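Q:
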Amino acid sequence: MTTLKVLHIASHEINVGDGALNAAIQASVAAQHGGPVDFTLEDVAVFRRELSAEDVAPYDLVIVGGGGGISNGPFAARTGTPMPMGLKEYRSAKTPFAFTALGHNIFAGERLVHAEALAKLLATVREKGDQFAVRNDGSLARMQRDLGEAAAGIVEIPDPGFFVAADAERPPEASARPYALIQVAGDSINRRMPVSRVSRLVGRLRASEPVTPLNAAIADLAMHLWRQHGLDILLAPHIPHDVPICAAIMRMLYARAGKAALHRPFRVGGTPHPVHARRFFAGYANAELIVGMRGHAVICGVGLGRPTIALSSHPKVVGFMEACDLADWSVPLDAQSGPALIARSDALIGNAQPYFDRRNPATADFRRRFDDFIGAAVTRAKMCGAA
Numbered sequence: 001m002t003t004l005k006v007l008h009i010a011s012h013e014i015n016v017g018d019g020a021l022n023a024a025i026q027a028s029v030a031a032q033h034g035g036p037v038d039f040t041l042e043d044v045a046v047f048r049r050e051l052s053a054e055d056v057a058p059y060d061l062v063i064v065g066g067g068g069g070i071s072n073g074p075f076a077a078r079t080g081t082p083m084p085m086g087l088k089e090y091r092s093a094k095t096p097f098a099f100t101a102l103g104h105n106i107f108a109g110e111r112l113v114h115a116e117a118l119a120k121l122l123a124t125v126r127e128k129g130d131q132f133a134v135r136n137d138g139s140l141a142r143m144q145r146d147l148g149e150a151a152a153g154i155v156e157i158p159d160p161g162f163f164v165a166a167d168a169e170r171p172p173e174a175s176a177r178p179y180a181l182i183q184v185a186g187d188s189i190n191r192r193m194p195v196s197r198v199s200r201l202v203g204r205l206r207a208s209e210p211v212t213p214l215n216a217a218i219a220d221l222a223m224h225l226w227r228q229h230g231l232d233i234l235l236a237p238h239i240p241h242d243v244p245i246c247a248a249i250m251r252m253l254y255a256r257a258g259k260a261a262l263h264r265p266f267r268v269g270g271t272p273h274p275v276h277a278r279r280f281f282a283g284y285a286n287a288e289l290i291v292g293m294r295g296h297a298v299i300c301g302v303g304l305g306r307p308t309i310a311l312s313s314h315p316k317v318v319g320f321m322e323a324c325d326l327a328d329w330s331v332p333l334d335a336q337s338g339p340a341l342i343a344r345s346d347a348l349i350g351n352a353q354p355y356f357d358r359r360n361p362a363t364a365d366f367r368r369r370f371d372d373f374i375g376a377a378v379t380r381a382k383m384c385g386a387a
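Read in UniProt numbering, the sequence shown has 381 at position 381, and its numbers run on one by one without any break.
Here you go:
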């Protein structure tokens with residue numbers, strides 16, 4: 001069988017969560033093709049290289065995504081996506097494109113700055129007969145809200161991170177004891193949950209670092225899980241921005257636990273390169289309970305079939321939990337997050353069956369919907385190649 005040549009434009013260098021979804025996209029392409037696939041990876045930010053129609057001509061298919069590429073960032077200024085290609089070059093490209101599981105990645109209350117550029121891209125996608133899909137995290141509704149009729153033709157597919165292929169394995173940071181895995185996001189804290197200037201000032205006066213509502217909520221939850229349920233705690237940063245907040249929470253935990261924690265029940269994981277996503281998320285698959293803030297902490301946790309609670313600080317997390325019929329296990333990030341997280345955790349540890357009774361039917365068609373989209377892209381690539 002002929003080798004399928006695929007150019008995969010995505011975030012390949014920064015976030016281990018993106019590594020999970022990119023691997024799932026590539027696995028589905030290979031399965032749908034049924035033969036050898038030659039993937040060339042182009043990063044949208046790191047080592048970013050401007051592409052022309054001539055650059056993509058040698059490929060049978062160009063995949064753009066997944067990830068939260070629909071943003072207000074500078075890379076999205078030309079097309080509303082981070083694609084390293086201008087609209088004129090894209091329009092003249094003969095190779096079929098599949099924009100795959102992109103996400104409307106704007107925080108609540110913010111305006112989509114590049115809406116006009118995105119609308120022009122979508123019109124060109126329709127003219128060319130290419131595919132454009134957003135992930136099932138409420139992105140479609142937000143696109144329709146921001147773009148109106150220009151959003152016609154966009155389809156919704158499950159986020160590929162749901163299909164992360166990770167068998168349960170104890171991570172090197174964990175002891176032999178059962179553990180809860182907690183993932184916190186350390187970037188854009190004020191956009192996730194604004195903290196007043198007065199609160200910051202009071203925090204600095206009281207301690208060397210402010211105790212934010214997020215830190216307090218996670219520390220309260222972790223102490224409860226350790227004391228009441230006998231679970232060790234593994235804090236799991238995904239990117240370097242997450243490490244300082246994990247360190248701050250860790251100091252709080254050991255200060256509160258004192259000598260009772262000499263066996264080091266609270267630990268912090270590393271931030272691996274995205275190529276190690278499968279090994280990284282094996283630690284998720286082995287956890288007794290997952291509490292996550294970042295999109296792919298939640299998406300991968302739910303996909304791996306582990307009891308997962310979302311600490312929802314972004315519309316995409318809320319939207320994904322709703323798509324899985326798990327809105328009851330989505331906790332907003334606010335001053336009451338700590339008690340709410342503890343209550344949800346107690347309920348899941350006591351009896352997780354109601355959670356799975358909701359999750360399993362809601363996600364039953366996820367694989368088919370995702371593979372159908374990828375299959376259509378592969379079929380079109382073969383047809384264009386034969387022509």
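All C-beta atoms in this analysis are idealised placements derived from N, C-alpha and C, irrespective of residue type, glycine included.
Bear in mind that the values here come from a model prediction, so they are computed numbers and not experimental data.
How big is the Cα-Cα spacing for H12 and T308?
A: Distance between the alpha carbons of H12 and T308 is about 26 Å.
Q: On the criterion of 16 or more Cβ atoms from any shown chain inside 10 Å, does T212 qualify as buried, or is it exposed?
A: Classification for T212: buried.
Q: Check each candidate in L341, C324, R369, A45 and name the one with the smallest Cα separation from D357.
A: Among L341, C324, R369, A45, the Cα nearest to that of D357 belongs to C324.
Q: Does the Cβ of T363 have 16 or more other Cβ atoms within 10 Å, making it buried, or fewer, making it exposed?
A: By the neighbour-count rule (16 or more Cβ atoms within 10 Å), T363 is buried.
Q: For my contact list, A117 and G80 are in at a C-beta cut-off of 8 Å; report their separation, rounded to the angstrom.
A: Their Cβ separation, rounded to whole angstroms, is 5 Å, which keeps A117 and G80 in contact under 8 Å.
Q: Going by beta-carbon coordinates alone, are A282 and R306 separated by less than 7 Å?
A: No, Cβ-Cβ distance for A282 and R306 is not below 7 Å.
Q: Is the beta carbon of F266 less than 7 Å from the beta carbon of M252?
A: Against a cut-off of 7 Å, the Cβ pair of M252 and F266 comes out as no contact.
Q: Taking only three categories from DSSP, how would you classify T2?
A: Residue state, collapsed to three classes: coil.
Q: So, is A176 buried or exposed, given that buried needs 16 or more other C-beta atoms within 10 angstroms?
A: Counting Cβ neighbours within 10 Å, A176 comes out exposed, since fewer than 16 surround it.
Q: What are the start and end residues of the alpha helix (DSSP H) that includes A310?
A: Unbroken run through A310 is the beta strand (DSSP E), 308-312; no alpha helix (DSSP H).
Q: Using a Cβ-Cβ cut-off of 6 Å (strictly less than) and excluding sequence neighbours within five positions of G319, which residues of its own chain qualify?
A: Here the set comprises D137, G138.
Q: Thinking H238 and V16 are a contact (beta carbons under 8 Å), I'd like their distance in whole angstroms, please.
A: With a Cβ gap of about 5 Å, H238 and V16 count as contacting.
Q: Please check if any C-beta of chain C sits within less than 7 Å of the C-beta of L311.
A: Protein chains in the displayed structure number just one, and chain C is not present.
Q: Just verifying my parser: in three-state terms, what is the DSSP assignment at E362?
A: Note that residue 362 is Ala in the sequence shown here, rather than Glu. Here A362 sits in helix by DSSP.
Q: Could you round the C-beta distance between A112 and G67 to whole angstroms and report it? I think they count as a contact, below 8 Å.
A: The amino acid occupying residue 112 in the given sequence is Leu; Ala does not appear at that position. That pair is no contact at about 17 Å.
Q: Looking at the structure shown, is L289 part of a helix, part of a strand, or coil, going by DSSP?
A: In this structure, L289 counts as strand in the three-state DSSP scheme.
Q: What are the residues that DSSP puts in a beta bridge with P332?
A: Partner(s): S312.
Q: Give me whichever residues DSSP pairs with F39 in a beta bridge.
A: V6, per the DSSP bridge assignment.
Q: When the Cα atoms are used, what is the spatial distance from R380 to Y284?
A: In a straight line, the C-alpha of R380 is about 36 Å away from that of Y284.
Q: In whole angstroms, what separates the C-alpha of residue 399 from that of I342?
A: Since the first residue shown for the chain is 1 and the last is 387, residue 399 is missing from the structure and cannot be characterised.
Q: Between the C-alpha atoms of T271 and L225, what's the straight-line distance to the nearest angstrom?
A: Distance between the alpha carbons of T271 and L225 is about 24 Å.
Q: Can you give me the start and stop residues for the alpha helix (DSSP H) that A340 sits inside?
A: Note, A340: alpha helix (DSSP H), 337-350.
Q: So, helix, strand or coil for P227, using DSSP?
A: Contrary to the premise, residue 227 reads as Arg rather than Pro in this sequence. Of the three classes helix, strand and coil, the one that applies to R227 here is helix, per DSSP.
Q: Start and end of the beta strand (DSSP E) containing A180?
A: Element bounds for A180: 179-183.
Q: Look at the alpha carbon of F370 and the alpha carbon of I218, and state the distance between them as a whole number of angstroms.
A: If you take the alpha carbons of F370 and I218, they lie about 34 Å apart.
Q: Does the distance from the CB of F373 to the CB of I157 come in under 7 Å?
A: Yes, these two residues count as a Cβ contact at 7 Å.
Q: Please name the residue or residues paired with G67 in a DSSP beta bridge.
A: Beta-bridge pairing links G67 to L102.
Q: Decide yes or no for the touch test of the segment 139-152 against the segment 170-185: beta carbon pairs closer than 8 Å, at least 3 of them.
A: Too few Cβ pairs lie closer than 8 Å, so no.
Q: Express the C-alpha separation of A93 and L231 in angstroms, rounding to a whole number.
A: Spanning the two alpha carbons is a distance of roughly 54 Å.
Q: From the DSSP secondary-structure annotation, give me the bridge partner or partners of D232.
A: According to DSSP, which records beta bridges pairwise, D232 is partnered with Y179.
Q: Please classify K259 as buried or exposed, where buried requires at least 16 neighbouring CB atoms within 10 angstroms.
A: Its Cβ having fewer than 16 others within 10 Å, K259 is exposed.
Q: Quick one: give me the first and last residue of the alpha helix (DSSP H) that E116 is part of.
A: From DSSP, the alpha helix (DSSP H) with E116 extends over 115-128.
Q: Assign H263 to one of two classes, buried (16 or more other C-beta atoms within 10 Å of its C-beta) or exposed (fewer than that).
A: Exposed, because fewer than 16 other Cβ atoms sit within 10 Å of the Cβ of H263.
Q: Go ahead and pull the three-state DSSP assignment for R78.
A: Note: R78 maps to coil in three-state DSSP.
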